[in-house]
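Worksheet: the structure to be examined is printed underneath.
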Amino acid sequence: MMKDKVSIFVVSTSGSPIKQITASKTFLRFFVCILTVSVALFGYILYDYAALKIKNIEGKFTQQQAEIKTQRKQIQGFAEEITTLKTKVLALNKFENQIRFIANIEKSDETDDLFGVGGSIPEDLDTRVPLTAKHNSLLREMHDQVKQLHQASTIQNENLDSLYDHFKEQRNLLASTPAIRPIRASDKTKGTRWWPTSKFGYRKSRFTGLREFHKGYDIATKVGTPIISTANGVITFAGPKGNWGNLVIIDHGHGLMTRYAHCEKILKKRGDRVRRGDTIALVGDTGRSTGPHVHYEVHLNGLPVNPEKYILN
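Numbering (my numbering), first residue to last: 43 to 355.
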């Protein structure tokens, strides 16, 4: 029976009695088998866990790489949009310059160039960077160009504002500049004939026979024909005034003023605002007059000028 058993002696270095452990060979074989299987199973589990870990890491790495490529594509897309935006700003600036050239409007000396005084136009962003390469340099260039475009758009906005203000002022000036004949045939007087009886310049006075300077433009027509404002303005006088008879004076601003004399009836009062074409009075024969007509004057900066130059119809 001893041949089927194995004895193991345990010797202690502390002087304790020797211990003997006896086990059968069958048990030892079973124990070794169990231990081998356990080690193998543990190794398999450890390997499988490690493989799963590596697979997860590789999956996350692949996902991160895909996200990085997507982000880099977006960066390149933003870079292209920046280039497109710059192109549009430059096109808008070119259009503004064309308008200024056609209208003969110069920029003020204080106006900077789009990209600063003496600044050059930034080069187009290079978006051909491989998706596998870092985009740090492209990002820095994008950041710089965004700042430059912000400055350029601010300057362009100021330029367009000044251009708009100029045209608005010109529109007001045009609306306030006499441009039409001071009489109009209404429905009741449609077909009424009119004709100029005395123009601007020297003439022989019909009352004294002497040579005198006629400051206005006389238009003869029937009594009651509407007299109209030849431009936008404000009535500064409306009433009788010596040889003028019933007189209307309109201040149009910008140094322009018009007079309408010998009216039969005045339809506006002092302080009224009128627009071009508004009826302000009716043709009459009041004051020093030889017949029904309207005496029409245009003054520029206090001096009489030829009204015919302000009649475009």
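In this text, a Cβ means the ideal position worked out from N, Cα and C, and glycines have one as well.
Taking 8 Å as the cut-off, the Cβ atoms of R318 and T263 do not count as close. The three-state secondary structure of H296, taken from DSSP, is coil. Counting the other CB atoms within 10 Å of its CB gives P268 a total of 16 or more, which places it among the buried residues. Contact between the region 233-242 and the region 304-320 is absent, with fewer than three C-beta pairs closer than 8 Å.
Contact check for L324 against E306 passes: the beta carbons are separated by less than 8 Å. Per DSSP, reduced to three states, the secondary structure at R312 is coil, with no helix or strand assignment.
In terms of CA proximity to G295, R213 leads the group R213, G258, K189 and K136. By the criterion of at least three beta-carbon pairs nearer than 8 Å, the region 131-145 is not in contact with the region 77-89.
Here the alpha carbon of H185 sits roughly 19 Å from the alpha carbon of I110. Sequence-distant Cβ neighbours of R245 in its own chain, meaning closer than 6 Å and more than five residues away, are H256. N135 sits away from Q193, with the two beta carbons spaced by 8 Å or more.
Ranking R223, S218 and Q118 by CA distance to the CA of I353 puts R223 first. Closest by C-alpha distance to K189, out of Q105, I124, L289 and G85, is I124. Residue environment: Y302 is assigned as buried (16 or more neighbouring CB atoms within 10 Å of its CB, all protein chains considered).
Within the region 244-286, complete alpha helix (DSSP H) segments of at least 4 residues are not found at all. In the three-state reduction of the DSSP assignment, R301 falls in the strand class, which pools E and B.
One alpha carbon belongs to L191, the other to K149, and they sit about 20 Å apart. Take the alpha-carbon of T68 and the one of Q106: they are about 56 Å apart. Proximity to I141 across H304, S247 and L205 peaks at L205, based on C-alpha coordinates.
Spatial neighbours of G119 in its own chain (CB-CB distance under 7 Å, excluding positions within 5 residues in sequence) are not present. Taking every protein chain shown into account, the CB of D260 has 16 or more other CB atoms within 10 angstroms, so this residue is buried.
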